[in-house]
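**Q** Sequential numbering of the sequence shown, starting at 138, is according to my numbering. So that we are looking at the same thing, I have put the structure below in structure tokens.
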Amino acid sequence: MIKLGSHVSMVKPDYLVGAVKEALSYNANAMMVYTGAPQNSFRAPIEDLKIKEATKLWTANGCSMDDIIIHAPYIVNLANTIKPETFEMGKAVLRNELIRSSAIGAKYIVLHPGSSLSDTLENGIDKVIEGLNEILKEDFDVKVCLETMAGKGSEIGYRFEHLAEIIKRVDYPIGVCFDTCHTWDSGYDLNNLDEVLKEFDEIIGLDKLHVIHVNDSKNIIGSRKDRHANIGEGNIGFDVLSKVVYHHLLKGKAMILETPYRDGVPPYKEEIERLLNVSI
Ligand code: FE
Ligand code: FE
Ligand code: ZN
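Written out as structure tokens, the structure is:
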């Protein structure tokens, strides 16, 4: 079964119920939310999120809570070796997100590994490992999935090897989210999807892959830019992205669109419909 949806917003007063309604209006059976604004750490109390009502509505429509994906806020940068207070704040914010995600009943939370800033990539990776080992000592029943990144600035995670290194040295099970725009921008040629997935399997392991972000890219391969385009309107193209959605090795994994709004209007209903209408 194809599990396809998009990023949706979770805002007051309806919070998770509003998010579920938005996803259902796109005919989605998977969705992703930030539990508050992605750029800050202000969070509404868990009791306000309308989790029970949302769970009821989502499951009554035949969808699974496992396919509600959470995205951690951007302000978390566990790779920051320069400012101890940023590292500490990142840990506290991520811990809070893990509590919130598990209260929601989500299974996976997507996290950007972080940016090493003026320090080396290796030191940044060490710091991410240190941070995750400290946070995950506590047992949350939600799994952190490191996102494959475009390699903009000093971003960690633009090579599968970076994520493999973190996974290997973190003492607790973590997973991966594969973003098509980011992997393309970082230089993986998705025209050779089988080869890219083979490489992913050899270096990280496809059993670690739990979430796919399906986005086209405004830029050429290897640009390291990270600008998402609407499905079929970028340099990856509709055919390749639909191959991702239907690939047998990616079967059953939650696929999430993070494509840009058009004139303030979300494109997700149409994009989901187009992708689901591919006959193969
Ligand atoms: Fe992301
Ligand atoms: Fe993404
Ligand atoms: Zn992106």
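Idealized CB from N, CA, C, for every residue including glycine. Computed from a predicted model, the values in this text were never measured in an experiment.
If Leu235 sits next to Phe277, beta carbons under 8 Å apart, how far is it from one beta carbon to the other, in whole angstroms?
**A** The pair is a contact, with the Cβ atoms about 4 Å apart (cut-off 8 Å).
**Q** Cβ atoms of His384 and Leu334: under 9 Å apart, would you say?
**A** Yes, the Cβ-Cβ distance between Leu334 and His384 is below 9 Å.
**Q** Using 8 Å as the cut-off, classify the Cβ of Val247 as near or not near the heavy atoms of ligand 1, replying yes or no.
**A** Result yes, Cβ under 8 Å from ligand 1.
**Q** Go through the residues and name those whose CB comes closer than 6 Å to any heavy atom of ligand 2, in chain order.
**A** Ordered along the chain, the selected set is Glu284, Asp316, His350 and Glu395.
**Q** Can you tell me whether DSSP reads Phe179 as helix, strand or coil?
**A** Coil.
**Q** Can we count Cys314 as close to ligand 1, meaning its CB is less than 8 Å from some heavy atom?
**A** Yes, ligand 1 has a heavy atom inside 8 Å of this Cβ.
**Q** Going by the CB atoms, is the gap between Asn166 and Asp204 shorter than 9 Å?
**A** A contact, by the Cβ cut-off of 9 Å.
**Q** Comparing C-alpha positions only, which one of Asn177, Trp321, Glu339 and Asp322 sits nearest to Ala301?
**A** It is Glu339.
**Q** Please tell me whether Ser253 and Ile293 are closer than 9 Å, where the distance is taken between their beta carbons.
**A** Closer than 9 Å, so yes.
**Q** On the DSSP bridge assignment, give the partners of His347 in chain order.
**A** Answer is none; His347 lacks a bridge partner.
**Q** Give the single residue among Gly290, Leu386 and Val145 whose Cα lies nearest to the Cα of Arg361.
**A** Checked all of Gly290, Leu386 and Val145; the closest Cα to Arg361 is Gly290.
**Q** Among residues of its own chain, excluding the 5 on either side of Asn233, which ones have a beta-carbon nearer than 8 Å to its beta-carbon?
**A** The residues are Ser178 and Arg180.
**Q** Look up Cys282 in the DSSP assignment and give the residues it is bridged to.
**A** For Cys282, which the question treats as bridged, DSSP gives the partners Val247 and Gly312.
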